[in-house]
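Numbering (this note's numbering), first residue to last: 612 to 960.
A virtual CB, placed ideally from N, CA and C, is assigned to each residue, including glycine.
Just so it is clear, the structure is predicted and the values come from calculations on it, not from any experiment.
Okay, so here's the structure we're looking at.
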Amino acid sequence: MIDIQRSPSSKLENTNFDNLLFGKVFTDHMMECDYIDGEWQKPVIKPYGPLSLDPSARVFHYGQAVFEGMKAYKDKDDRIWLFRPDENFKRINRSGKRMAIPEFPKEYFFEGLEELLKLDKDWIKKGFGNSLYIRPFVIATEAGVSASAANEYKFMIICSPAQAYYSGEVRVKFSEKFSRAADGGVGFAKAAGNYGAQFYPTDLANEEGFQQIIWTDANTHEYLEEAGTMNIFFRIGDKLVTAPISDRILDGVTRKSVITLAEEYNIDLEVRRVSVQEIVEAAEKGELKEMFGSGTATVINPIVGFGHKGKKFDLPKLEDSYAKFFKDKLMKIQYNEAEDKFGWRYEVK
Ligand SMILES: *Cc1c(COP(=O)(O)O)cnc(C)c1O
């Protein structure tokens with residue numbers, strides 16, 4: 612059982628839910644679990660607040676840290692749902708293994724998460740698009756700057772209320788120089804450093820008028836792999852294509868759900884390498900109908916245009932886009948408004 616220390620007061624009343632910036636406000640509680648003496652200790656839920664860590668803790672020097680991103684949804688009857696949380700649990704341990712972080716126990720993950728959500732349930736607002744973003748993460752806390760895996764860690768879960776957000780029109784740049792991940796590297800893991808390394812190239816792309824970068828393979832920059840921190844899909848004619856998962860590509864829960872739904876609804880989909888040349892040619896011939904990213908934060912994020920080697924391409928505006936189709940299908944399952952044929956929903960009760 613988990614030790615629960617309730618917050619004496621709530622920030623709920625002072626939070627404006629009509630004007631939430633993504634990931635800025637956090638709920639009243641957080642979950643914490645320490646790994647000491649070769650064992651994960653008893654988890655604690657306590658009031659949200661700052662940590663006190665030794666400045667020599669490994670996480671600050673070597674980036675030994677991994678995280679997850681998931682969401683809780685509230686339906687019309689105030690029931691709370693998660694979407695395929697087992698996938699996130701398995702993935703944080705896959706990421707952790709690559710970063711030499713000890714495996715976190717399943718009971719602690721689910722018990723901690725569910726107790727935390729029940730305690731902070733009033734932070735989950737009803738309505739299509741409203742949700743609670745959940746951020747589990749692990750950091751190496753052991754003091755000392757020797758360059759080796761730590762013997763002490765902290766697993767935590769923090770939660771932030773989120774609104775359906777419109778990110779504006781997204782134009783992307785195909786990366787010609789920078790890479791997100793390489794063979795044998797950590798691209799498949801949600802390792803903290805992967806994201807820190809994206810900020811600079813993304814800032815440069817922003818200056819050129821692109822909101823995101825499409826990462827290409829590190830060796831040749833000829834194959835399209837991921838969109839910023841999302842997986843990517845292309846629609847050529849009526850066929851969808853997306854890159855296969857690998858060392859370099861993150862196995863997104865949204866991506867695999869889209870693939871399953873495409874099969875279910877007889878949408879032609881190929882999982883294979885997608886070359887820059889193929890996409891540029893399809894765009895020139897007017898056959899490239901859509902590009903979209905997939906990920907927990909925005910579910911499906913349509914892309915309106917792209918740039919490559921100084922040329923800019925615009926995509927058509929479709930009424931009946933696949934992007935809209937999949938977003939609607941997925942959200943209806945997430946909010947308990949549609950049949951859950953694949954058993955993806957998980958109720959917190
Ligand atoms: C988290 C993430 C995704 C999307 O994964 P979901 O499970 O769908 O949220 C895609 N690419 C990268 C690099 C990511 O970190």
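Collapsed DSSP secondary structure at Thr840 in the structure displayed: coil
Closer than 6 angstroms to ligand 1: residues, by C-beta to nearest heavy atom, in chain order: Gly680, Lys801, Glu837, Thr840, Met841, Asn842, Leu861, Gly863, Val864, Thr865, Arg866, Ser905, Gly906 and Thr907
Exposed unless 16 or more other CB atoms sit within 10 angstroms - verdict on Phe799: buried
Given 8 angstroms, three or more beta-carbon pairs between the stretch 847–854 and the stretch 779–794: no
Assigned secondary structure, Pro696 (DSSP; H/G/I helix, E/B strand, else coil): Assignment of Pro696 by DSSP, reduced to helix, strand and coil, places it in the helix class.
Cα-Cα separation between Arg705 and Gln652, rounded to whole angstroms: 21 angstroms
Bridge-paired residues (DSSP) for Ala773: Ser742
Whole beta strand (DSSP E) elements within the stretch 845–918, 3-residue minimum: 850–853, 880–882, 899–906 and 910–914
For His672, the first and last residue of its enclosing beta strand (DSSP E): Unbroken run through His672 is the alpha helix (DSSP H), Arg669 to Tyr673; no beta strand (DSSP E).
Inter-residue spacing [alpha-carbon to alpha-carbon] between Pro713 and Glu874: 36 angstroms
Three-state secondary structure (DSSP) of Pro812: helix
Paired residues, beta bridge with Leu835 - DSSP: Thr827
First through last residue of the beta strand (DSSP E) which encompasses Lys801: DSSP places Lys801 in no beta strand (DSSP E); its state is neither H nor E.
Closest Cα partner of Leu730 within the set Ser742, Ser778, Tyr646 and Met642: Met642
Beta-carbon proximity list for Lys657, same chain, < 7 angstroms, skipping 5 on both sides: Cβ within range, chain order: Gln616, His640, Met641 and Glu643.
Helix, strand or coil at Phe720 according to DSSP, with G and I counted as helix: helix
Separation of His919 from Leu664, as counted between CA atoms: 44 angstroms
Environment of Glu819 [buried if 16+ CB atoms lie within 10 Å]: exposed
Reference Glu763, options Gly649, Asn842 and Leu872, closest by Cα: Gly649
Bridge partners - Met681, DSSP secondary structure assignment: DSSP output for Met681 lists Ile745 as bridge partner(s).
Cβ-Cβ distance between Gln822 and Val781 below 9 angstroms: Yes; because the gap between Cβ atoms is below 9 angstroms, this pair is in contact.
Where Asp814 falls, given that 16 or more other Cβ within 10 Å makes a residue buried: exposed
Whole-Å CB distance - Pro772 paired with Phe678, under 8 angstroms assumed: That pair is no contact at about 18 angstroms.
Three-state secondary structure assigned by DSSP to Lys928: coil
At least 3 beta-carbon pairs within less than 8 angstroms: the stretch 681–692 vs the stretch 618–629: no
Span separating the alpha-carbon of Leu632 from that of Asn741: 13 angstroms
Sheet register partners of Pro654 (DSSP bridge): Answer by DSSP bridge pairing: none, since Pro654 is not bridged.
Of the listed residues Glu901, Tyr684 and Thr865, nearest to Cys770 (C-alpha basis): Tyr684
Host alpha helix (DSSP H) of Ile944 (start-end): Tyr933 to Gln945
For Phe956, the first and last residue of its enclosing beta strand (DSSP E): The sequence given here has Arg at residue 956, not Phe. Start and end: Arg956 to Val959.
Environment of Gln888 [buried if 16+ CB atoms lie within 10 Å]: exposed
C-beta contact flag for Gly755 and Ser620 at 9 angstroms: Contact annotation: Gly755 and Ser620 have beta-carbon atoms that are not nearer than 9 angstroms.
Whether Ala758 touches Tyr646 by CB criterion (9 angstroms): no
Short Cβ contact (9 angstroms threshold) for Ser965 with Thr638: The question about residue 965 has no answer, for the chain in this structure spans 612 to 960.
Top-ranked residue by Cα proximity to Phe937, from Lys784, Asn699, Asn877 and Glu958: Asn877
For Tyr957, the nearest candidate out of Leu662, Gly634, Asn699 and Gly795 (CA to CA): Ranking Leu662, Gly634, Asn699 and Gly795 by CA distance to the CA of Tyr957 puts Asn699 first.
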